[in-house]
Structures are given as structure tokens and as C-alpha cells.
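Note that the protein sequences, when read in sequence, are chains W and C.
Residue numbers for the first sequence follow our numbering, beginning at 4 and rising by one.
Residue numbers for the second sequence follow our numbering, beginning at 14 and rising by one.
Positions of the beta carbon are idealized from the N, C-alpha and C atoms, including for glycine.
This structure is a prediction, so every number in the text was calculated from the model and none was measured.
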Amino acid sequence: MIDALSKRLPVRSGGGPWQGSGGGSWAVSWAVSWGVALSLSAVLLLAGCTGDDSGDAPPDETPLPSSKLDVDQPWVRPAAPGGNSALYMTILNGTSTPDTLLDVTAPVIDSIQIHQTVDSAGTMRMQPLGETLPLPPKTRVTLEPGAKHVMLMNLSQPLTDGESIVLDLDFAQKGLLRVRAPIRVEAPPSGRES
Amino acid sequence: MTRFAAFPLLAAFVLAGLGAGCSQTLDPPVQDDLDDTEYTLTTHDSTAVTFPDGYSGDVLVVGYVYTQCPDVCPMITANMKKIRAALESTDGVRFVTITFDPERDTPSRLHTYRAAYGIDAPTWDFLTGRPETIDQLMKRMGVRTSRTSTNPNAPADTTDTYFINHTDQITLIDARGRVRGEYMGSRTPPKYIVEDIQKIRS
Numbered sequence: 004m005i006d007a008l009s010k011r012l013p014v015r016s017g018g019g020p021w022q023g024s025g026g027g028s029w030a031v032s033w034a035v036s037w038g039v040a041l042s043l044s045a046v047l048l049l050a051g052c053t054g055d056d057s058g059d060a061p062p063d064e065t066p067l068p069s070s071k072l073d074v075d076q077p078w079v080r081p082a083a084p085g086g087n088s089a090l091y092m093t094i095l096n097g098t099s100t101p102d103t104l105l106d107v108t109a110p111v112i113d114s115i116q117i118h119q120t121v122d123s124a125g126t127m128r129m130q131p132l133g134e135t136l137p138l139p140p141k142t143r144v145t146l147e148p149g150a151k152h153v154m155l156m157n158l159s160q161p162l163t164d165g166e167s168i169v170l171d172l173d174f175a176q177k178g179l180l181r182v183r184a185p186i187r188v189e190a191p192p193s194g195r196e197s
Numbered sequence: 014m015t016r017f018a019a020f021p022l023l024a025a026f027v028l029a030g031l032g033a034g035c036s037q038t039l040d041p042p043v044q045d046d047l048d049d050t051e052y053t054l055t056t057h058d059s060t061a062v063t064f065p066d067g068y069s070g071d072v073l074v075v076g077y078v079y080t081q082c083p084d085v086c087p088m089i090t091a092n093m094k095k096i097r098a099a100l101e102s103t104d105g106v107r108f109v110t111i112t113f114d115p116e117r118d119t120p121s122r123l124h125t126y127r128a129a130y131g132i133d134a135p136t137w138d139f140l141t142g143r144p145e146t147i148d149q150l151m152k153r154m155g156v157r158t159s160r161t162s163t164n165p166n167a168p169a170d171t172t173d174t175y176f177i178n179h180t181d182q183i184t185l186i187d188a189r190g191r192v193r194g195e196y197m198g199s200r201t202p203p204k205y206i207v208e209d210i211q212k213i214r215s
């Protein structure tokens, strides 16, 4: 993703504030550059560890509930009638039993699909992930923009920014869980969009 | 005599060089000049408009979406909203969202979609058009699209309901109709595009 992003960003001339302009500042630049590189490496390593299927919550994430399945920060995109929206959330399976998200229903939703957005050489496409979403024990599964999401299809009414929608999430083990999802153009503040 | 005669020639070369240098040193540089093109499109209010001529004199921030798109296109629109919000002034800057799904994205549907996204600024148009016009426009802007069925098990050439695989792009066009920037639409931090808008306006 970082490669793809950097390829599309406009090429910039000139240096950033960390770049020295004279020979006297070379050592400082070298040290700062290495510092930046090491910091970036650390950030990338950390990023690689924060994908889903991790039971240990980083400090800024909701800890797994003990012996319980719960849903954190559900939200959906606006959409026109006849169109599609996406549901994002983090599903926290704190139990010792595998569970499965079977369905998401609401009166305005015709059907759902579970997708992963994929960047294929600059072309964005949605890859179906199957009809249900597995939720391993002691695991958080994150659905987020540009990645996994539940597609809410063929809506009978518009979903308007600033409003909310009540959704019934049907889990194989837990059963029905009703949540209210705000309709938002942008991810909530703790989301990872942009 | 020969020496004096050479001066005007030398001066011409120098001036030509300076001129060429000026056009090459634009920041961000010109990537394409749309002066030779004119696409007749329709706004979300069913008003005819030519692109890009109809917006001549303003800097244009252009996004490409289809309204059935649940994930990436909303990210592009969200990014454009952030760009707009980050500008100290929107004077002289227009926003345009063009659909690459004109068969389904009628002006009426675009109108509803725009309202659902809370966009009411008169300086932000959503545009559709005849399929062949949209096809030519997308090719010129470097936006690739291909249809795929909503049914994962359907044959690839199905004409049933469909999703569209597409390039993820925002384009920056200056007041003279020249493309000055192409960015990954959903992911480029708004500050980069805002910086380029400020450079073009200055």
C-alpha cells in the first residue's frame, strides 16, 4: 500500500525540513535520516502487528471482553436508494469458542456480501470473502475502509450522513445482536481512514 | 557585421530557452492540456455543462465514482470533502465528481447521492453523460474501468447487475484546463493536494 501510494503521489523537488543544506550539517542529516528510517521501521513493524486476528489489544484499542462477543464502533456509509453501502466495525470475540457472522439485516437492506477491497496494479476491485465471516476465539476482526467490509446491497431508502441505522447482526453462536450504526461520510476519529 | 547579425539570433535562442524553461518549471508540472477536448455532460440538476471548458477560470478538483460503490468511491468523496474543508478559501476552486457508470447514475440518482453525502455547495457538481462520452472522458483522464458481476459465481461476461473495478484517482486541473496533478483518490493525504492547489492559485 505504501508503494502504491508513493507511486501516485506527485513527485516533489526540494528537501523537507530534516534535510541539511551545507556540509556542516551532514552529520546531523545523517543521524536524523537514520533516526527517521528507524522510526519508520518501528512504525511499520507495529503496523504489521495490528492487523485483525490479534487477541492482545494495543493500548488504544478496546480490550477483548472476557467470555463475550461484542461489536465496537459500527458505522456505515451514506448511499442512495437502490445503491449499496458498507458496514465497518470491530468484532471482538472474547470467548473461547469460534463464532461466525451469518447475516446483517435491516428493513432497508436487500442482501449483504462480505468483501475485501483489493488494489490490483492501481485498479480497485472488491474480492468476495464468502457468505459468512469467521470469528476465531479470543480474536478481534476489524472491518475498515479500503479493506474488509460488509456490503449492504440494494437499499430501499437513502442512508443520509448524520443519521443512523439499526442493524441486526446474526451470529452462529451468540445469536442476534442489535446495534445502532451512525451514517458517516468519514470514519470515526479513532478509525484509520486517511 | 556578421557579429552584430548574430545578436538577434542569439537573443531569440535565449528567449526561447527561457520560455521553454518557464513552461517546464511550473510546479506542479503540466501533465496534459485538455484544450483540445470538450465533453458535454449533465449535472445532478439536469443542467448541460461542457467539461472542462464550462469550469474555465477556476481550479478543478475532479473525482471519479459510481454510486453503487460502497467502499473506495466513498473514500474518494470523503477525501474531497476534507480537501475542501482544509482550504482557507474555496474562491476560484470548483469540485467535480464524475460518474463512470452513466447507465445507472442518472442526474436524479446523482442528486440523491450528493444529498446523502451532505454536499450542498453550488461549487461542487456531480456529472454524468452519454456512455460513449463518459468512456472517452475516462480514457483521456487515465481512469480505467471494467465491469464485474455482483454474483461471484456468474460468468465474467454477465450483463446482470454489476460492480465496477476502477482506478482510484483525483485529478487537479488548473484554470486553463491543464492537468496539473493525479493522486490516489482515496488515500492521498489532503494536505498534499491542498498544497498543490495553493501553488496553482498563486
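Does the beta-carbon distance from residue i to residue j come in below 8 Å?
i, j, result
"methionine 156/W", "histidine 179/C", "no"
"glutamine 81/C", "phenylalanine 176/C", "yes"
"isoleucine 132/C", "valine 75/C", "no"
"aspartate 173/W", "threonine 108/W", "yes"
"tyrosine 126/C", "alanine 83/W", "yes"
"tyrosine 52/C", "threonine 60/C", "no"
"leucine 132/W", "leucine 104/W", "no"
"threonine 163/W", "proline 68/W", "no"
"leucine 146/W", "serine 88/W", "no"
"tyrosine 77/C", "valine 156/C", "yes"
"asparagine 92/C", "isoleucine 186/C", "no"
"alanine 184/W", "valine 111/W", "no"
"asparagine 58/C", "proline 120/C", "The question names asparagine, but residue 58/C in the sequence shown is aspartate. Yes; because the gap between Cβ atoms is below 8 Å, this pair is in contact."
"threonine 50/C", "arginine 153/C", "yes"
"aspartate 84/C", "threonine 120/W", "yes"
"proline 41/C", "aspartate 209/C", "yes"
"aspartate 102/W", "glutamine 160/W", "no"
Starting from residue i, trace the beta strand (DSSP E) in both directions and tell me its first and last residue.
i, result
"arginine 183/W", "178-185"
"threonine 158/C", "158-162"
"proline 137/W", "136-138"
"valine 79/W", "72-79"
"tyrosine 175/C", "175-180"
By the criterion of Cβ-Cβ separation under 7 Å, what are the contact partners of residue i in chain C?
i, result
"serine 3/W", "The structure shown has nothing for residue 3/W, since chain W only spans 4 to 197."
"glycine 97/W", "Chain C residues near glycine 97/W: none, gap ~28 Å exceeds 7 Å."
"methionine 154/W", "Pro83"
So which residues on chain A does residue i lean against when the C-beta distance must stay under 9 Å?
i, result
"tyrosine 126/C", "Included in the structure are the protein chains W and C, with no chain A among them."
Strictly by DSSP, which residues pair up with residue i?
i, result
"alanine 61/C", "Thr55/C"
"tyrosine 77/C", "Ile111/C"
"glycine 86/W", "DSSP output for glycine 86/W lists no bridge partner at all."
"aspartate 45/C", "Val192/C"
"isoleucine 213/C", "Answer by DSSP bridge pairing: none, since isoleucine 213/C is not bridged."
"valine 107/W", "Leu172/W"
"lysine 151/W", "Gln119/W"
"threonine 141/C", "Thr55/C"
"serine 167/W", "Pro185/W"
"leucine 185/C", "Val74/C, Gly194/C"
"isoleucine 94/W", "Val74/W, Val144/W"
"glutamine 130/W", "Gln119/W"
"tyrosine 205/C", "Its beta-bridge partners do not exist; DSSP assigns none."
"serine 114/W", "Met156/W"
"aspartate 104/C", "Note: aspartate 104/C sits in no beta bridge, so no partner."
"valine 102/W", "It is aspartate, not valine, that sits at residue 102/W in the sequence shown. Looking at the DSSP assignment, aspartate 102/W forms a beta bridge with Leu138/W."
"leucine 162/W", "Ala82/W"
List, in order along the chain, the chain W residues whose C-beta lies closer than 7 Å to that of residue i?
i, result
"aspartate 181/C", "Met127"
"serine 199/C", "Gly149"
"arginine 122/C", "Ala83"
"phenylalanine 176/C", "Met129"
Taking C-beta pairs closer than 8 Å, name the residues in chain W that residue i reaches, listed in chain order.
i, result
"threonine 90/C", "Val188"
"lysine 94/C", "Val188, Glu189"
"tyrosine 77/C", "What tyrosine 77/C touches in chain W: nothing, since even the nearest Cβ is about 11 Å away."
"threonine 80/C", "Ala82, Ala83, Gly86"
"proline 65/C", "Result: empty, since nearest Cβ-Cβ is about 19 Å, beyond 8 Å."
Whose Cβ in chain C lies nearer than 9 Å to the Cβ of residue i?
i, result
"alanine 140/W", "For the record, residue 140/W in the displayed sequence is proline; it is not alanine. Chain C residues near proline 140/W: none, gap ~28 Å exceeds 9 Å."
"threonine 108/W", "The contacting residues do not exist; threonine 108/W stays about 17 Å from chain C at best."
Taking the alpha helix (DSSP H) that residue i belongs to, which residues open and close that run?
i, result
"arginine 127/C", "120-129"
"asparagine 92/C", "85-99"
Can you name the residues of chain C whose CB is closer than 8 Å to the CB of residue i?
i, result
"aspartate 164/W", "Ala129, Tyr130, Gly131"
"threonine 145/W", "Within 8 Å Cβ-Cβ: nothing; threonine 145/W doesn't reach chain C, min ~14 Å."
"threonine 120/W", "Asp84, Val85"
In chain W, what lies closer than 9 Å to residue i by C-beta?
i, result
"threonine 161/C", "Arg128, Met129"
"arginine 157/C", "Gly125, Thr126"
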